[in-house]
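Trainee:
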Amino acid sequence: MARFCVCLATESGHRRSDDRPGAADAHLAAMGASAVAPGLALVRDEPGCAQGPFEAHGMRAVGEVTLHNRAELLAALAADGAPAPPGTRDGELLLRCWARLGEQGVALAEGMFALAVLDGRDLVLIRDHVGARTLFYARAADAWAASTSLRALRRWPALGTRVNLSAVRSFLTFAYLPGEETLLEGVREVLPGRVLRLAADGTVTETVHWEPRERIPEQGADGSHGSDGQVLALRALLEEATARRLPEAEAVGVLLSGGIDSSLVTALAAKLHSHPVRTYSISFGDELPNELGYSGLVAAHCHTRHRVLTVSGEAVAARLADTAALLDSPVGDPLTVPNLMLAEAVAADGLSVVLNGEGGDPVFGGPKNLPMLVQEMHAGAPGAPGSPWYEDRATAYLRSYRKCGTDLPDLLTADALSALESAPPPQRFVEPYLTGPDRMTHLLNQLLHCNLRTKGAHHILTKVERLTASQGIQGRAPLFDRRVVDHAFATPPALKLRGTAEKWVLKEAVRDLLPATVVDRPKSGMRVPVQQWLSGPLREPVGDLLLGRAARRRGLFRPDTVRTWMRGEGALLPRQGGKLWLVLTLELWLRAYDL
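Residue numbering for the sequence shown follows the numbering used here, beginning at 4 and increasing consecutively.
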């Protein structure tokens, strides 16, 4: 297992054209990467699926590439007069598509990929459509460096990285980093669906190989949008997306929460796979509200081999620091340790692929969009913009997260707040989707587009990829399939949020596969006992971490506010635990990266 690093360096203003070791390889060695070709290297001490070098059409590349539609790509290359040799690996196949077909060839691919290409005097970085694999880049000492490992770039002496305060604010507002910024100053993330061309002279050119578009069909004569056709088309796409992600000739796992999204993936896998399907659920104890009754019902209905993993607060406390260190960017999700333990259980059963139901909410309209829809209803009232409670759409969206965004004046130190005065506001990450000139027409689609490009790419998918990769398995999400996403944005909003029924078209597409009790029940979710953990096994570690010498020396948080939150004061109790969890997660991540 490995991640990859690449470097494009200049010597006397020109990139070396021979294969002798040069400045690029010296930079790579400083990052702890093992060169596999001039300018290309693997980081062998980190979990990942990097391979290379690949060579084709005068270009050389490394990548972490898993393709789900090889036959389609091979056919496209053959039609272009450049058939790929038999046995071509996924990374080389994607390189050939880029070299021969450009952005169109990359857009045609379906899968999880990050690819770095040395193309003449340029370094080209390519990231998949939805962000299933991450890729970072930076410039220092007249060189470009890029890697799927943020830790490798952290080791680059030329960069001289330090904490990016703007990213600290973004994390505390969103509970993840929603765009191109990282917590390392000077390091940026390639956005999903993009191709970056980094020139030796320091210039950057970005092109878009895929972005979802709103293509709503016109109403019929009876005022309908052909709901039956929408349902049938979605069902076919869901079956195809799931089938493409099933491993060949082996059992597959599914992470089954009991909600409609993971349940439908379980049902489709059981229908389409010719090998056993194993399902995995989490329990925090019988005394807390949970969905185990529903997950057990689905497992029995689909005849899977089902396993429930009980997660204790003591286990979370013992493993939280190591889990945070696995992530390239912190994720303030209290399910990170349970997710890692699920990945370990899947790997222990000898599986290489585990499916999940991620993607249903950000693509088809889950209940978390309701606060914004209510906000818009009030914002449209006469005189609303002048009302004292009125907020612009982007600010209202950030407030709907209910994280630490409004607490920053009390949480951050005076020095940190002063340093942020000139920094661009976090609204910039959501404004293009909600108020920008190229936003979608319908409000629900604006919200879903925003969810897909922020939380989907920078929270959901990156968390799944890093935690599953740490165990040598692949986590695959059929509901994030490009064609499924395209169909969702070609579906009338009234079929996604139909009256009080969320994700209506998605539920109708699989109604025949699942018990009505599962399809028609309202979303309840799993209650994660964050407050119990913080007041129990994590109580002493939290105090030591957030009030200790290292945190005080960093100077980000006001100790009096941290103490208030630790006592359960200063905020509504149900949210106080979640806010403290964010601060704890950030502190652990900063320590893991020695920042």
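Quick reminder that beta carbons are idealized off the backbone N, C-alpha and C, glycines included.
Which value, in whole angstroms, describes the spacing of the CA atoms of HIS276 and PHE367?
Mentor: Here residue 276 is taken as the residue at index 273 of the sequence shown, counted from 1. Here residue 367 is taken as the residue at index 364 of the sequence shown, counted from 1. HIS276 and PHE367: Cα-Cα distance of roughly 25 Å.
Trainee: Quick check on DSSP: helix, strand or coil for GLY453?
Mentor: Reading the sequence shown from its first residue, position 450 is the one you call residue 453. First, the amino acid is wrong: residue 453 is Cys here, not Gly. In this structure, CYS453 counts as helix in the three-state DSSP scheme.
Trainee: For a test of the three-state rule: what should DSSP assign to ASP21, helix, strand or coil?
Mentor: Residue 21 sits at position 18 when you count from the first residue of the sequence shown. Note that ASP21 scores a pLDDT of 43, beneath 50, so its modelled location is shaky and nothing firm can be said.
Trainee: Where DSSP assigns a beta bridge to VAL280, which residues make up the other side?
Mentor: Position 277 of the sequence shown, counting from 1, holds the residue named residue 280. Note: VAL280 sits in a beta bridge opposite VAL255.
Trainee: For PRO54, which of helix, strand or coil comes out of DSSP?
Mentor: Within the sequence shown, residue 54 is the residue found at index 51, counting from 1. According to the sequence shown, residue 54 is Gln rather than Pro. Correct three-state label for GLN54: strand.
Trainee: Based on the DSSP output, what are the partners of PHE139 in its beta bridges?
Mentor: Position 136 of the sequence shown holds residue 139. SER150 and GLU192, per the DSSP bridge assignment.
Trainee: Roughly how many whole angstroms lie between the Cα atoms of SER298 and LEU180?
Mentor: In the sequence shown, the residue the question calls residue 298 occupies position 295. In the sequence shown, the residue the question calls residue 180 occupies position 177. Taking the straight line from one Cα to the other gives about 31 Å.
Trainee: For ASP264, does the count of other Cβ atoms within 10 angstroms reach 16, so buried, or fall short, so exposed?
Mentor: By one-based count along the sequence shown, residue 264 stands at place 261. Result: buried.
Trainee: Three or more C-beta pairs closer than 8 Å, one from the stretch 443 to 451 and one from the stretch 489 to 504: is that the case here?
Mentor: yes
Trainee: Taking THR245 and LEU271 to be in contact with their CB atoms under 8 Å, please state how far apart those CB atoms are, rounded to whole angstroms.
Mentor: Against the sequence shown, residue 245 aligns to sequence position 242. Against the sequence shown, residue 271 aligns to sequence position 268. Right, the Cβ-Cβ distance comes to about 4 Å (below 8 Å), so this counts as a contact.
Trainee: Expressed to the nearest angstrom, what Euclidean distance is found between the alpha-carbon atoms of ASP395 and GLN579?
Mentor: Residue mapping note: residue 395 aligns to position 392 of the sequence shown, counting from 1. Residue mapping note: residue 579 aligns to position 576 of the sequence shown, counting from 1. Distance between the alpha carbons of ASP395 and GLN579 is about 26 Å.
Trainee: Taking ASP603 as the reference, which of GLY123, VAL190 and VAL211 has the closest Cα?
Mentor: This structure cannot speak to residue 603, because the chain is shown only from 4 to 598.
Trainee: Grouping DSSP H, G and I as helix and E and B as strand, with all else coil, what is VAL11?
Mentor: Counting from 1 along the sequence shown, the entry for residue 11 is found at position 8. Inspection of the sequence shows that residue 11 is occupied by Leu rather than by Val. Reduced to three states, the DSSP call for LEU11 is strand.
Trainee: Does the separation of the CB atoms of ARG99 and ALA110 fall below 7 Å?
Mentor: Looking up residue 99 in the sequence shown gives position 96. Looking up residue 110 in the sequence shown gives position 107. Not in contact: ARG99 and ALA110 (Cβ atoms no closer than 7 Å).
Trainee: I think ARG200 touches VAL211, with their Cβ atoms under 8 Å apart; what is that distance to the nearest whole Å?
Mentor: Here residue 200 corresponds to residue number 197 of the sequence shown, with the count starting at 1. Here residue 211 corresponds to residue number 208 of the sequence shown, with the count starting at 1. Incorrect: roughly 13 Å between the Cβ atoms, too far for contact.
Trainee: With DSSP as the reference, label ALA224 as helix, strand or coil.
Mentor: Translated into the one-based positions of the sequence shown, residue 224 becomes position 221. Unreliable positioning characterises ALA224 in this predicted model, as indicated by a pLDDT of 45, which lies under 50. The coordinate reading is nonetheless provided below. Correct three-state label for ALA224: coil.
Trainee: The beta strand (DSSP E) with SER473 in it runs from where to where?
Mentor: In the sequence shown, residue 473 corresponds to position 470, counting from 1. Counting along the chain, SER473 falls outside any beta strand (DSSP E), and DSSP gives it neither H nor E.
Trainee: Quick one: Cα of ALA224 to Cα of ASP523, how far?
Mentor: Indexing the sequence shown from 1 puts residue 224 at position 221. Indexing the sequence shown from 1 puts residue 523 at position 520. Caution is warranted here: a pLDDT of 45 is assigned to ALA224, below 50, making its placement in the model unreliable, and no coordinate value can be reported.
Trainee: Return the residue from the list ASP325, ASN342, VAL207 and VAL234 that minimises the CA-CA distance to LEU259.
Mentor: Stepping through the sequence shown from its first residue, residue 259 is reached at position 256. Comparing Cα positions, the closest option is ASN342.
Trainee: What are the boundary residues of the beta strand (DSSP E) that includes LEU70?
Mentor: Start at 1 with the first residue of the sequence shown, and residue 70 comes out as number 67. Taken as a continuous stretch (DSSP letters only), the beta strand (DSSP E) holding LEU70 covers 62 to 70.
Trainee: Counting only the same chain and skipping the five closest in sequence on each side, list residues whose C-beta sits under 6 Å from that of VAL190.
Mentor: Taking the first residue of the sequence shown as 1, we reach residue 190 at position 187. PHE139, ALA141 and LEU156, listed in sequence order.
Trainee: Could you check which residue in LEU517, HIS461, VAL533 and LEU549 has the C-alpha nearest to that of ALA178?
Mentor: Within the sequence shown, the letter at position 175 stands for residue 178. Nearest of LEU517, HIS461, VAL533 and LEU549 to ALA178, Cα basis: HIS461.
Trainee: Comparing C-alpha positions only, which one of ALA59, THR326, LEU168 and HIS30 sits nearest to THR471?
Mentor: As a first step, residue 471 must be located in the sequence shown, where it is residue number 468. For the residues ALA59, THR326, LEU168 and HIS30, the minimum Cα distance to THR471 belongs to THR326.
Trainee: Give the straight-line distance between the Cα atoms of THR567 and VAL166, rounded to the nearest whole angstrom.
Mentor: Here the question's residue 567 lines up with position 564 in the sequence shown. Here the question's residue 166 lines up with position 163 in the sequence shown. For THR567 and VAL166, the distance between alpha carbons rounds to 25 Å.
Trainee: Whose C-beta lies closer than 7 Å to the C-beta of ARG479 among residues of the same chain, with five residues either side of it excluded?
Mentor: Looking up residue 479 in the sequence shown gives position 476. Cβ within range, chain order: ARG248, VAL356 and LEU358.
Trainee: Between the Cα of SER266 and the Cα atoms of VAL314, GLY581, LEU548 and VAL513, which residue gives the shortest distance?
Mentor: Counting from one through the sequence shown, the residue named residue 266 turns up at place 263. That would be VAL513, whose Cα lies nearest to the Cα of SER266.
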